[in-house]
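The listed protein sequences derive, respectively, from chains A and B.
Those letters in the first sequence? Residues 1 to 328, per full-length UniProt numbering, in order.
Those letters in the second sequence? Residues 1 to 573, per full-length UniProt numbering, in order.
Just below is one structure, and these are the notes that go with it.
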Amino acid sequence: MLKFIVKRLLWMIPSLFAVSFLSFVLIQLPPGDYVTTYIATLAASNEIVDQNTAAQLRERFGLDDPMLVQYFKWIWGILTRGDFGISFEWQQPVSGLIWERMALTLLLAVASLLATWAIALPIGVFSAVRKYSIGDYFFTAFTFFGLSVPSFLLALVLMYVAAVEFGQDVGGLFSSEFETAPWSIAKMLDLLTHLWLPVAILAVSSTASLIRVMRANMLDELPKPYVTTARAKGLSEFRLLTKYPMRIALNPFISTIAWLLPNLISGSVVVAIVLNLPTAAPLLLQSLMAQDMYLAGAFVLLICALTLIGSLISDILLALIDPRIRLE
Amino acid sequence: MTDVLPIAGRKPLLEVRNLTTEFPLRTGVFRAVKDLSFSIEAGKTLCVVGESGSGKSVTARSILQIVDAPGRIAAGSILLNEPGGSSIDLAKLDPRGRAIRAVRGRDIAMIFQEPMSSLSPVHTVGDQITEALRLHMSMTKAQARAEAISLLRQVEIPDPEKAIDRYAFQYSGGMRQRAMIAMALACKPKLLIADEPTTALDVTTQAEILDLIARLQKATGMAVLFITHDMGVVAQIADDVLVMHHGVAKEYGTAEEIFHAPKDPYTRMLIGSVLKLEQKAEIRLARPPLDAKAAPILEIRDLSMQFGELKALDQVSISLLPGETLGIVGESGSGKTTMGRSVMRLYDPTAGEMLYRRSDGTVVDLARISGRDLKSARRELRMVFQDPFGSLNPRMTVAQVIGEPLLVNGIAKGKELEERVCHLMEQVGLDPAGRERYPHAFSGGQRQRIGIARAITLNPRIIVADEATSALDVSVRFQVLDLLMRLQDELGLAYIFISHDIGVIRYMCDRVGVMYRGRLVEVGDAEKVCNQPDHPYTQALLSAIPRPDPRDRDRSRRFRYIEPTLKNESVVR
Numbered sequence: 001m002l003k004f005i006v007k008r009l010l011w012m013i014p015s016l017f018a019v020s021f022l023s024f025v026l027i028q029l030p031p032g033d034y035v036t037t038y039i040a041t042l043a044a045s046n047e048i049v050d051q052n053t054a055a056q057l058r059e060r061f062g063l064d065d066p067m068l069v070q071y072f073k074w075i076w077g078i079l080t081r082g083d084f085g086i087s088f089e090w091q092q093p094v095s096g097l098i099w100e101r102m103a104l105t106l107l108l109a110v111a112s113l114l115a116t117w118a119i120a121l122p123i124g125v126f127s128a129v130r131k132y133s134i135g136d137y138f139f140t141a142f143t144f145f146g147l148s149v150p151s152f153l154l155a156l157v158l159m160y161v162a163a164v165e166f167g168q169d170v171g172g173l174f175s176s177e178f179e180t181a182p183w184s185i186a187k188m189l190d191l192l193t194h195l196w197l198p199v200a201i202l203a204v205s206s207t208a209s210l211i212r213v214m215r216a217n218m219l220d221e222l223p224k225p226y227v228t229t230a231r232a233k234g235l236s237e238f239r240l241l242t243k244y245p246m247r248i249a250l251n252p253f254i255s256t257i258a259w260l261l262p263n264l265i266s267g268s269v270v271v272a273i274v275l276n277l278p279t280a281a282p283l284l285l286q287s288l289m290a291q292d293m294y295l296a297g298a299f300v301l302l303i304c305a306l307t308l309i310g311s312l313i314s315d316i317l318l319a320l321i322d323p324r325i326r327l328e
Numbered sequence: 001m002t003d004v005l006p007i008a009g010r011k012p013l014l015e016v017r018n019l020t021t022e023f024p025l026r027t028g029v030f031r032a033v034k035d036l037s038f039s040i041e042a043g044k045t046l047c048v049v050g051e052s053g054s055g056k057s058v059t060a061r062s063i064l065q066i067v068d069a070p071g072r073i074a075a076g077s078i079l080l081n082e083p084g085g086s087s088i089d090l091a092k093l094d095p096r097g098r099a100i101r102a103v104r105g106r107d108i109a110m111i112f113q114e115p116m117s118s119l120s121p122v123h124t125v126g127d128q129i130t131e132a133l134r135l136h137m138s139m140t141k142a143q144a145r146a147e148a149i150s151l152l153r154q155v156e157i158p159d160p161e162k163a164i165d166r167y168a169f170q171y172s173g174g175m176r177q178r179a180m181i182a183m184a185l186a187c188k189p190k191l192l193i194a195d196e197p198t199t200a201l202d203v204t205t206q207a208e209i210l211d212l213i214a215r216l217q218k219a220t221g222m223a224v225l226f227i228t229h230d231m232g233v234v235a236q237i238a239d240d241v242l243v244m245h246h247g248v249a250k251e252y253g254t255a256e257e258i259f260h261a262p263k264d265p266y267t268r269m270l271i272g273s274v275l276k277l278e279q280k281a282e283i284r285l286a287r288p289p290l291d292a293k294a295a296p297i298l299e300i301r302d303l304s305m306q307f308g309e310l311k312a313l314d315q316v317s318i319s320l321l322p323g324e325t326l327g328i329v330g331e332s333g334s335g336k337t338t339m340g341r342s343v344m345r346l347y348d349p350t351a352g353e354m355l356y357r358r359s360d361g362t363v364v365d366l367a368r369i370s371g372r373d374l375k376s377a378r379r380e381l382r383m384v385f386q387d388p389f390g391s392l393n394p395r396m397t398v399a400q401v402i403g404e405p406l407l408v409n410g411i412a413k414g415k416e417l418e419e420r421v422c423h424l425m426e427q428v429g430l431d432p433a434g435r436e437r438y439p440h441a442f443s444g445g446q447r448q449r450i451g452i453a454r455a456i457t458l459n460p461r462i463i464v465a466d467e468a469t470s471a472l473d474v475s476v477r478f479q480v481l482d483l484l485m486r487l488q489d490e491l492g493l494a495y496i497f498i499s500h501d502i503g504v505i506r507y508m509c510d511r512v513g514v515m516y517r518g519r520l521v522e523v524g525d526a527e528k529v530c531n532q533p534d535h536p537y538t539q540a541l542l543s544a545i546p547r548p549d550p551r552d553r554d555r556s557r558r559f560r561y562i563e564p565t566l567k568n569e570s571v572v573r
C-alpha cells in the first residue's frame, strides 16, 4: 500500500512538469500577447499607444524573450519562491489573487458536494429498493428535470424568485457592507445566508446524475447472492442494505472526488458569472480573455495539479475501502 | 403427492403442507411451486432433487421467506415445531418482520451454491460470521470473535486465527464453502438448508464438504434439507428424497425406495441418466474400432503455457487420431481449458509444438503459424463452449449466429446461406422455422445445439468441446452427447472433449488424458482410465465420485491425492 502511494507520488513529479509546460504553451498559442490586447483596449477608448511604448511594455514584462526562456523563468520562480508572476491586468502578484478566491471556491464546492451526497445517497438507495414505485417515478422525473435544465437558467429563475418574491439580496457571497470587511461572526452569518442559493443550484444537476448512478449501482448489487445470504442470517432490511450492497455501490461516489477538485476552478463558470460569485471561475475567464498570461497559466497549472491530486486521493480512498483493490 | 409420510411418535421438526409459491408476471401468474407437502425430522437429511426450473430452490427460499421479488407464498403452511410443543407457521409471518428474522439464522440457516458471490467481497470472513452471532446470541465482540475462530476450526480451515481476518477472495473455492458452513452453523440451527452447496466445487472437494456436513450433523443433531440435481450425491447422503419437476412433487419416499423401487417415470429417468454414465454409450460400442495406426491428425509435443509465475501447461504431449474422441479430464485449475484454448490458438503457447495434419497431408505447426495460414487452419478447428447462454450473442438471430462463419469467410450469402443454415439446423435437430428467433427463445439444450451447428458450419475436422454439457440438465445432456457422436460418425470429426465429469468422458470418449496441475499424468483407453486407472491421482478422483446407490455409502475408500514431494515422477507420454 505504502509502496503504491510512494510510486504514485513519484510519478506525479514528471507529470506535473509536463502539464505545466503544456499549460504554458497553450496560453502562448493565441496570436498576440497581453500588450496587443492592452493596446486594443486602449484604442477602443480612443487612446493611441505608439510602437515605442509598446516595445517598452514588452521589455518590462519580459515578453520579448523566447518562449522557453519565459517558461523557465516562470517555473523557476514558482519552485524557488512560490512566485507565480505578476498579473498584468491587476498589477498584483498572481498568488495573492488566486488564494483569496480559492478559499471561497473551496467552501462553495465542499458545501455543494456535501449537499449533493446527502441528497443523492438516500434517494438513490430508495429508488433502487422500491423500484417502479410511485416514489421511484417521482424521483426519476426529478432527476431527468435536474439533468436537463441548464444550471444558469435555474440560477436566473431562482435569483428572480428570491429577489422579487422574498426580497432577498441575491448575487455574490456577501452583502455589500461586508464585502471588504475583515472576517467576523456577522460576516460568517452573512455568508451563510448567501451561500444556499449557489449551493442549491450547483447541487441540483450533480444530485440528479448521482441519484441515477447510485440507483443503477444498487440495482446491480441487490440481486447478488451475498445480499440473500445476509437476509438469510436474519439481519433487518435496513442494516443489511447499509452494510452490504450500499458499501459496494459507494465506489463510484469516491471516484467523483477525482473530477471534483479540478471542477473547483473551471466548473460552474456560467453559474458563477450569473450569480456574480467571487470565485475562481470568473477570474479565470477574465484572465484568458485579457491574455493575462501568468494569471491564466497559474490557473491552468492549478487545474492540472488538482486533477492529478484528485485522482490520487480517490485511488487511495478506493484502495482503502475496497480490499479487492488493496490486496490484489 | 400431497400426503406427508407417516411419522411414529414425535412431531417432525418442519412440516410443509400444500405450499404454493408464485411469481406475478406481466403475462400472468407463474406458479414456481404447486401444492407441495413434505416434512423433515430432527437429525435427518431430506434431499430435494430436480432439474433446473423444478422449483427446488424456490421451495427452500419459501421456508425462510426470502424468495426473490416479486415471488410470494400464495397458499399453504410451513410449520416449525419447537421442542416445547409450540409451533410457528412461517408462511404466515411478514417477510420483513421481526418474527421471521428471529428464525432466520438462529433456527434455520442456509448455505448457497456459489460460495464466492454468496460472501460479501468487501467484508472479512470473520466480520460476516460474528455478525450472526452478535445478532442472535447477543455476544460481545470478543466473545463472538472467539466463537468464530472455533467455528472456523470446526470446519477445518487451517490457521483460523489468521483466516478470520481474511477476505473471501483470498480463500479457495472449497474453503469459501467451509466458511459459509461455519457462518450458517454459528447459532447452532435446528435445520440447515443447503442449496446446491457442492455444485460449483470439484468432486474431491465436494466429497470433503459432504463429509463435513454429515459429521457436523451427527455432532449437533440438526436436520438438513439438501437441494441438488445430482442423483449421486442424493444416494450418498439422503434419508428421504423428494423428486420435483416443474414445481410439483413427482415422488417422495426414503432413499432406498427412490433408488431401488422408483414408481414415477421421471424419477426412473433421473436415475437411469446417472446409471447410463457408468458405461460406454451404445453408439460408441456399435462403432467399428478406430484405425490406431493412422497418422494422427493433431500431435501435441511438449506444449507449455505460462501465465506469469503460473505454469498452466507443463510439457503436455498427446496425439489425436482422425475420427477419435479424446477426453481431457481434470479438476479446476488443472489446465484442461488452457489446453483447449491453446489448440485453438486463443492463447499463444510459451513452448512446444502442435503439429496439425491438413487434409492434403501437409503438416503445419499450429503453435507457430500466423496470418492467412492460421486463419485457414482455424476454419478446420472449431470450438463448442460451456455456457450456452453467454456464448451466443443475444442480439443476433439464430440464422445469423449459425451463418456468420460462412459470411465472414465469404463462402455463402443470400439464398444459398439461408439454405445451408436450414440444413445445419436440421442436422443438429432444430426446427429451421425458428431461425429468425433470438437465442433467448431457446432452452439451454437447444442453445447448445445452436453452438454445435455454428461449430460444424465450415466442415471442420477437429472440434474442441470445453465442458460442452456441464451446464445442461441430465435429461438434455444425453441428447447433446448423442448428437455429438452422431455428427462425428456422419462428418468424420475428431473431438477433444474437455470435462470434469468422468461419467461423461466414459460415456463418450475413446481415449482419455488426465490432467493435474498443468501436467498430463495419465493417458489411456477410456475404459481403462475410467475403471482401473494406474495413476494414484486418477484413482483418488474416481474414489471421490458419489456412487448413485444408497446401499453403497462406504466413504472409507475415498482418499485425496497428495503429490509426492520428490520430483521422481516422469511425465506420461
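Beta carbons: idealized from backbone N, C-alpha and C, even for Gly.
If you reduce the DSSP assignment to three classes, tell me which class B:His260 lands in. Counting from 1 along the second sequence, the entry for residue 260 of chain B is found at position 260. Correct three-state label for B:His260: helix.
Limits of the beta strand (DSSP E) - the one that B:Tyr356 falls within: By one-based count along the second sequence, residue 356 of chain B stands at place 356. Taken as a continuous stretch (DSSP letters only), the beta strand (DSSP E) holding B:Tyr356 covers Ala351 to Arg357.
Minimum Cβ-Cβ distance from A:Ala216 to chain B less than 9 Å: Stepping through the first sequence from its first residue, residue 216 of chain A is reached at position 216. False, the Cβ-Cβ gap to chain B never drops below 9 Å.
Residues of its chain near A:Ile119, where Cβ-Cβ distance is below 6 Å and the 5 sequence neighbours each way are ignored: The count along the first sequence starts at 1 and reaches residue 119 of chain A at position 119. Here the set comprises Thr207.
So B:Val364 and B:Asp373 are in contact, right, with Cβ under 8 Å, and what is the actual spacing, rounded? Taking the second sequence and counting its residues from 1, the one referred to as residue 364 of chain B is at position 364. Taking the second sequence and counting its residues from 1, the one referred to as residue 373 of chain B is at position 373. Right, their Cβ atoms sit about 6 Å apart.
Taking the alpha helix (DSSP H) that B:Gly414 belongs to, which residues open and close that run? To locate residue 414 of chain B, count along the second sequence from 1; it is residue 414. Run containing B:Gly414: Gly414 to Gln427, per the alpha helix (DSSP H) assignment.
Which residues bound the alpha helix (DSSP H) around A:Ser15? In the first sequence, counting from the first residue as 1, residue 15 of chain A sits at position 15. Its alpha helix (DSSP H) spans residues Leu2 to Gln28.
Own chain residues within Cβ distance below 7 Å of B:Phe559, not counting five before or after: Looking up residue 559 of chain B in the second sequence gives position 559. Hits under 7 Å: Ala540 and Ser543.
What does a CB cutoff of less than 6 Å around A:Val270 pick up in its chain, not counting 5 residues either side in sequence? The sequence position of residue 270 of chain A within the first sequence is 270, counting from 1. Result list for A:Val270: Phe152, in chain order.
Quick check: the Cα distance between B:Val571 and B:Glu522, rounded to an integer number of angstroms? One-based indexing of the second sequence puts residue 571 of chain B at position 571. One-based indexing of the second sequence puts residue 522 of chain B at position 522. With a pLDDT of 40 at B:Val571, under the threshold of 50, the modelled position of that residue is not reliable, and the figure given next carries that caveat. In a straight line, the C-alpha of B:Val571 is about 8 Å away from that of B:Glu522.
Considering only DSSP beta bridges, list what A:Thr80 is partnered with. Against the first sequence, residue 80 of chain A aligns to sequence position 80. Partner(s): none; A:Thr80 has no beta bridge.
Counting pairs of Cβ atoms below 8 Å between the stretch 179–191 of chain B and the stretch 121–129 of chain B, do you hit three or more? yes
How big is the Cα-Cα spacing for B:Leu290 and B:Thr124? Position 290 of the second sequence holds residue 290 of chain B. Position 124 of the second sequence holds residue 124 of chain B. Those two C-alpha atoms are separated by around 55 Å.
Would DSSP call B:Pro12 helix, strand or coil? Along the second sequence, read from residue 1 onward, the residue named residue 12 of chain B stands at position 12. Coil.
Please state whether DSSP places B:Asp348 in a helix, a strand or coil. In the second sequence, residue 348 of chain B corresponds to position 348, counting from 1. Of the three classes helix, strand and coil, the one that applies to B:Asp348 here is coil, per DSSP.
A:Tyr132: contacting residues in chain B (beta-carbon distance under 9 Å): Counting from one through the first sequence, the residue named residue 132 of chain A turns up at place 132. Under the 9 Å cutoff, chain B gives no residues; its nearest Cβ is about 10 Å from A:Tyr132.
Mind listing which residues of the stretch 146–176 of chain B have their C-beta closer than 8 Å to chain A's C-betas, in chain order? Tyr167, Phe169 and Gln170
Where the alpha helix (DSSP H) containing A:Asp315 begins and where it ends: On the first sequence, position 315 is the one that residue 315 of chain A refers to. It spans Met293 to Ile321 - the alpha helix (DSSP H) in which A:Asp315 sits, taken as one unbroken run.
Within 10 Å of its beta-carbon, does A:Met1 have 16 or more other beta-carbons around it, so buried, or fewer, so exposed? Looking up residue 1 of chain A in the first sequence gives position 1. Burial call: exposed.
To which residues does DSSP link B:Thr45 through a beta bridge? Residue 45 of chain B sits at position 45 when you count from the first residue of the second sequence. DSSP output for B:Thr45 lists B:Val224 as bridge partner(s).
Are B:Val512 and B:Arg477 close, meaning C-beta to C-beta below 9 Å? Your numbering for residue 512 of chain B matches position 512 in the second sequence. Your numbering for residue 477 of chain B matches position 477 in the second sequence. No, they are not a contact pair.
Spatial neighbours of B:Asp387 within its chain, please: CB distance less than 7 Å, with the 5 preceding and 5 following residues excluded, ordered by chain position. The sequence position of residue 387 of chain B within the second sequence is 387, counting from 1. For B:Asp387, where only same-chain residues beyond five positions count, the Cβ hits under 7 Å are Ala471.
Assess, as a yes-or-no matter, whether the stretch 99–106 of chain A is touched by the stretch 305–324 of chain A under the definition of 3 or more beta carbon pairs within less than 8 Å. no
Members of the stretch 215–237 of chain A near chain B, C-beta cut-off 8 Å: Pro223, Lys224, Pro225, Tyr226, Thr228, Thr229, Ala230, Arg231, Ala232, Lys233, Gly234, Leu235, Ser236 and Glu237
Does DSSP put B:Gly361 in a helix, a strand or coil? If you number the second sequence from 1, residue 361 of chain B lands on position 361. Three-state DSSP puts B:Gly361 in coil, outside helix and strand.
Interface residues of chain B around A:Arg247 at Cβ under 9 Å? For the purposes of this step, residue 247 of chain A is identified with residue 247 of the first sequence, where counting begins at 1. Neighbours of A:Arg247 on chain B, chain order: Ser120, Val122 and His123.
According to the neighbour-count rule (16 or more other Cβ atoms, all chains shown, within 10 Å of its Cβ), is B:Glu324 buried or exposed? Counting from 1 along the second sequence, the entry for residue 324 of chain B is found at position 324. B:Glu324 comes out buried.
Report yes if the C-beta distance between B:Gly444 and B:Asp482 is below 9 Å; otherwise report no. Residue mapping note: residue 444 of chain B aligns to position 444 of the second sequence, counting from 1. Residue mapping note: residue 482 of chain B aligns to position 482 of the second sequence, counting from 1. It is not a contact, given that the beta carbons lie outside the stated cut-off.
Inspect the beta-carbon positions of B:Ala109 and A:Lys243 and report whether they are closer than 9 Å. Looking up residue 109 of chain B in the second sequence gives position 109. Looking up residue 243 of chain A in the first sequence gives position 243. Their beta carbons are not under 9 Å apart, which means B:Ala109 does not touch A:Lys243 by this criterion.
Neighbour list for B:Leu275 in chain A, Cβ cutoff strictly below 7 Å: As a working note, residue 275 of chain B is residue 275 in the second sequence. None at all; the shortest Cβ gap to chain A is about 33 Å.
Looking only at its chain, what residues have a beta carbon closer than 8 Å to the beta carbon of B:Gly53, apart from the 5 residues adjacent to it on each side? For the purposes of this step, residue 53 of chain B is taken as the residue at position 53 of the second sequence. Within the same chain, B:Gly53 has close Cβ partners His246.
Just checking my contact of B:Asp239 with B:Thr254 at CB under 8 Å: how many whole Å lie between their CB atoms? Locating residue 239 of chain B in the second sequence gives position 239, counting from the first residue. Locating residue 254 of chain B in the second sequence gives position 254, counting from the first residue. Rounded, the Cβ-Cβ distance is 7 Å, consistent with contact.
If you count every other CB in all the chains shown that lies within 10 Å of the CB of B:Thr59, and 16 or more means buried, which is it? By one-based count along the second sequence, residue 59 of chain B stands at place 59. Result: buried.
Out of B:Val241, B:Ser391, B:Gly340 and B:Ile411, state which residue places its alpha-carbon closest to the alpha-carbon of B:Val464. The count along the second sequence starts at 1 and reaches residue 464 of chain B at position 464. It is B:Gly340 whose Cα lies nearest to the Cα of B:Val464.
Quick check on A:Pro323 - is its C-beta less than 9 Å from some C-beta in chain B? Stepping through the first sequence from its first residue, residue 323 of chain A is reached at position 323. Output row for A:Pro323: interface = yes.
Between which two residues does the alpha helix (DSSP H) containing A:Tyr137 stretch? Here the question's residue 137 of chain A lines up with position 137 in the first sequence. Unbroken alpha helix (DSSP H) run through A:Tyr137: Ile134 to Ser148.
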